[in-house]
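Read the structure below first, then the notes.
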(Lines of atoms letter the chains of each structure in order from A and count residues from 1; the text may use other names and numbers.)
(Lines give C-alpha, C1' and ligand atoms only; values in the text may rest on other atoms or scores of the structure.)
Protein backbone atom coordinates (compact mmCIF):
# COMPACT_ATOMS: atom_id res chain seq x y z
CA UNK A 1 0.00 0.00 0.00
CA UNK A 2 1.38 3.38 -0.93
CA UNK A 3 0.81 6.63 0.89
CA UNK A 4 0.04 8.80 -2.15
CA UNK A 5 -1.47 8.11 -5.54
CA UNK A 6 -1.04 10.81 -8.14
CA UNK A 7 -3.15 11.11 -11.28
CA UNK A 8 -6.02 8.88 -10.11
CA UNK A 9 -9.60 9.66 -11.04
CA UNK A 10 -11.23 8.46 -7.79
CA UNK A 11 -10.13 7.19 -4.37
CA UNK A 12 -11.78 5.83 -1.21
CA UNK A 13 -10.90 8.26 1.57
CA UNK A 14 -12.07 7.58 5.16
CA UNK A 15 -15.44 6.18 4.03
CA UNK A 16 -16.66 8.29 1.08
CA UNK A 17 -15.52 7.80 -2.50
CA UNK A 18 -13.86 11.02 -3.67
CA UNK A 19 -13.89 11.87 -7.37
CA UNK A 20 -12.82 15.03 -9.12
CA UNK A 21 -16.49 15.90 -9.78
CA UNK A 22 -18.24 14.78 -6.57
CA UNK A 23 -18.09 12.84 -3.30
CA UNK A 24 -20.29 9.76 -2.76
CA UNK A 25 -20.74 7.49 0.23
CA UNK A 26 -19.76 3.86 -0.10
CA UNK A 27 -22.74 1.49 0.04
CA UNK A 28 -21.36 -0.60 2.92
CA UNK A 29 -20.84 2.55 5.03
CA UNK A 30 -24.48 3.58 4.52
CA UNK A 31 -25.72 0.07 5.43
CA UNK A 32 -23.70 0.20 8.65
CA UNK A 33 -25.45 3.42 9.65
CA UNK A 34 -28.92 2.14 8.66
CA UNK A 35 -28.66 -1.03 10.71
CA UNK A 36 -26.95 0.47 13.77
CA UNK A 37 -28.74 -0.85 16.89
CA UNK A 38 -30.80 1.60 18.93
CA UNK A 39 -29.90 2.19 22.56
CA UNK A 40 -32.18 0.64 25.16
CA UNK A 41 -30.87 2.85 27.97
CA UNK A 42 -33.77 5.32 27.75
CA UNK A 43 -36.35 2.53 28.12
CA UNK A 44 -34.43 1.12 31.09
CA UNK A 45 -34.18 4.59 32.60
CA UNK A 46 -37.95 5.17 32.48
CA UNK A 47 -38.63 1.88 34.29
CA UNK A 48 -35.93 2.27 36.97
CA UNK A 49 -36.71 3.12 40.57
CA UNK A 50 -33.14 4.19 41.36
CA UNK A 51 -30.58 6.00 39.19
CA UNK A 52 -27.01 7.23 39.41
CA UNK A 53 -26.34 10.94 38.74
CA UNK A 54 -23.23 12.17 36.90
CA UNK A 55 -21.75 15.19 38.66
CA UNK A 56 -19.17 17.60 37.24
CA UNK A 57 -16.32 17.01 34.79
CA UNK A 58 -13.42 17.43 37.25
CA UNK A 59 -12.66 14.23 39.15
CA UNK A 60 -9.81 13.13 41.34
CA UNK A 61 -8.05 9.91 40.35
CA UNK A 62 -10.14 6.73 40.81
CA UNK A 63 -13.17 8.80 41.87
CA UNK A 64 -16.49 7.51 40.52
CA UNK A 65 -18.18 9.91 38.08
CA UNK A 66 -21.62 8.90 39.38
CA UNK A 67 -23.32 9.52 42.73
CA UNK A 68 -26.13 7.39 44.00
CA UNK A 69 -28.25 5.42 43.92
CA UNK A 70 -30.94 8.10 44.27
CA UNK A 71 -34.70 7.61 44.30
CA UNK A 72 -36.82 8.83 41.34
CA UNK A 73 -39.91 10.84 42.29
CA UNK A 74 -41.17 11.77 38.79
CA UNK A 75 -39.88 11.13 35.26
CA UNK A 76 -40.75 13.11 32.11
CA UNK A 77 -39.33 12.89 28.58
CA UNK A 78 -36.36 15.16 29.29
CA UNK A 79 -36.27 15.84 33.03
CA UNK A 80 -36.42 13.83 36.22
CA UNK A 81 -37.26 14.75 39.82
CA UNK A 82 -34.97 12.89 42.21
CA UNK A 83 -34.97 12.69 46.00
CA UNK A 84 -31.69 13.79 47.66
CA UNK A 85 -32.24 13.05 51.37
CA UNK A 86 -34.73 15.81 52.37
CA UNK A 87 -34.96 17.80 49.12
CA UNK A 88 -36.25 17.09 45.60
CA UNK A 89 -34.12 18.24 42.67
CA UNK A 90 -35.05 18.44 38.97
CA UNK A 91 -32.26 17.37 36.61
CA UNK A 92 -31.80 16.45 32.96
CA UNK A 93 -32.03 12.74 32.13
CA UNK A 94 -28.85 13.11 30.05
CA UNK A 95 -26.72 12.84 33.21
CA UNK A 96 -28.52 9.79 34.63
CA UNK A 97 -27.58 6.14 34.50
CA UNK A 98 -30.16 3.47 35.26
CA UNK A 99 -29.46 1.06 38.06
CA UNK A 100 -31.16 -2.17 39.00
CA UNK A 101 -30.90 -2.49 42.75
CA UNK A 102 -32.54 -4.77 45.32
CA UNK A 103 -35.81 -3.70 46.94
CA UNK A 104 -34.11 -2.98 50.27
CA UNK A 105 -31.54 -0.58 48.74
CA UNK A 106 -30.74 2.57 50.73
CA UNK A 107 -30.75 5.78 48.64
CA UNK A 108 -27.67 8.00 48.77
CA UNK A 109 -27.54 11.07 50.98
CA UNK A 110 -27.41 14.58 49.58
CA UNK A 111 -23.93 15.62 48.42
CA UNK A 112 -22.26 18.27 50.60
CA UNK A 113 -22.77 21.87 49.48
CA UNK A 114 -21.34 25.20 50.52
CA UNK A 115 -18.19 25.91 52.48
CA UNK A 116 -16.85 23.37 54.93
CA UNK A 117 -17.32 24.09 58.63
CA UNK A 118 -14.32 25.76 60.23
CA UNK A 119 -12.59 23.85 63.07
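Residue numbers (full-length UniProt numbering): 1 to 119. Yeah, the Cβ is synthetic: ideal placement off N, Cα and C, and Gly gets one too.
{"query": "Report yes or no: do the region 45 to 57 and the region 75 to 91 share at least 3 C-beta pairs separated by less than 8 Å?", "result": "yes"}
{"query": "With which residues is residue 75 paired in a DSSP beta bridge?", "result": "80"}
{"query": "Just list the residues that DSSP pairs residue 90 with in beta bridges.", "result": "81"}
{"query": "Between the C-alpha atoms of residue 58 and residue 118, what's the straight-line distance to the nearest angstrom?", "result": "24 Å"}
{"query": "Expressed to the nearest angstrom, what Euclidean distance is found between the alpha-carbon atoms of residue 116 and residue 53?", "result": "23 Å"}
{"query": "Taking all protein chains shown into account, decide if residue 65 is buried (16 or more other Cβ within 10 angstroms of its Cβ) or exposed.", "result": "exposed"}
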